[in-house]
Amino acid sequence: MKIAKDTVVTLKYRVAESSGKLIEESREPMVYLHSGYDNTLPKIEEALEGREAGYECTLDLQPEDAFGVRDEALVRVIPKSEFPPGVKVGGQLEGRTDDGQPHVFHVMKIKGPEVHLDGNHPLAGKSLRFALKVTGVRAATAEEIAHRHVHGEHGHHH
Numbered sequence: 001m002k003i004a005k006d007t008v009v010t011l012k013y014r015v016a017e018s019s020g021k022l023i024e025e026s027r028e029p030m031v032y033l034h035s036g037y038d039n040t041l042p043k044i045e046e047a048l049e050g051r052e053a054g055y056e057c058t059l060d061l062q063p064e065d066a067f068g069v070r071d072e073a074l075v076r077v078i079p080k081s082e083f084p085p086g087v088k089v090g091g092q093l094e095g096r097t098d099d100g101q102p103h104v105f106h107v108m109k110i111k112g113p114e115v116h117l118d119g120n121h122p123l124a125g126k127s128l129r130f131a132l133k134v135t136g137v138r139a140a141t142a143e144e145i146a147h148r149h150v151h152g153e154h155g156h157h158h
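The numbers in full-length UniProt numbering rise by one with no breaks, and the one at position 63 of the sequence shown is 63.
Written out as C-alpha cells, the structure is:
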C-alpha cells in the first residue's frame, strides 16, 4: 500500500543536528495519520507521500521547516515568588504569550530570585537531519480519521 491521505504510517527515525550529533533515535516506531492532520512535520509527509513500506530517506531540514526559528519574545524572566514551591529546572508550565494565547514554557534555569522560562520548542532554531524508514502502511479507520490521530498500538489510547 502506498502512503496517501488517510493512511497510517509506521516508521523508525533518527534525528540529529546538521553536525551529525544524535538528538533522538526511536526505540518504538512512530505511528501517525498521514496528510494534513498535524501529526508530524509537513516536510516529512511531503517526502513520504506515495512511498511504501521499506522506503528509507534522509531529510535535511532548516529551522523554518522543522521546529521553527527561535522567538526571543517567548523568553521570560519571572520572579521566583510568583511560582508555587517546588518549581524545578526542566519543568513545564502553562502561561500566556504576549497576545494572551495559552502556551507551554520550559523552566531553563533558576538564578537567585528569578526563574528563566523559554516558550520555544527545544529544537527551535536548529537545522536537523531526519533519517526515516517506513516499516508499515495501512488504511486508517473511520474513527481515526474522525479523531485526527492513530488509535491502538503505538498510537493514542482513549
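Note that beta-carbon positions come from the ideal geometry of N, C-alpha and C, so glycine has one too.
This structure is a prediction, so every number in the text was calculated from the model and none was measured.
Just the C-alpha distance for residue i and residue j, rounded to the nearest angstrom, thanks.
i: Val134; j: Arg96; result: 38 Å
i: Glu111; j: Val77; result: Looking at the sequence provided, one finds Lys at residue 111 rather than Glu. Distance between the alpha carbons of Lys111 and Val77: 10 Å.
i: Lys5; j: Gln62; result: 25 Å
i: Pro79; j: Ser18; result: 36 Å
i: Ile145; j: Glu28; result: 23 Å
i: Val31; j: Leu128; result: 20 Å
i: Glu46; j: Leu59; result: 11 Å
i: Glu143; j: Gly152; result: 11 Å
i: Asn39; j: Gln92; result: 21 Å
i: Ala16; j: Ala140; result: 30 Å
Residue i and residue j: beta carbons closer than 8 Å?
i: His149; j: Leu33; result: yes
i: Met108; j: Val89; result: yes
i: Phe67; j: His121; result: yes
i: Lys2; j: Gly54; result: no
i: Ala124; j: Val69; result: yes
For residue i, which residues from the same chain have a beta carbon less than 8 Å from its beta carbon, with the 5 sequence-adjacent residues on both sides left out?
i: Asp65; result: Leu41, Pro42, Lys43
i: Asp98; result: Ala73
Below 6 Å CB to CB, which residues in the same chain sit around residue i once its five sequence neighbours on both sides are set aside?
i: Tyr37; result: Arg148
i: Glu25; result: Arg14
i: residue 159; result: Only positions 1 to 158 of the chain appear in this structure, which leaves residue 159 out of reach.
Can you tell me whether residue i is buried or exposed, with buried defined as 16 or more other CB within 10 angstroms of its CB?
i: Val9; result: buried
i: Lys126; result: buried
contact_flag[the stretch 121-141, the stretch 79-89] where n(CB pairs < 8 Å) is 3 or more: no
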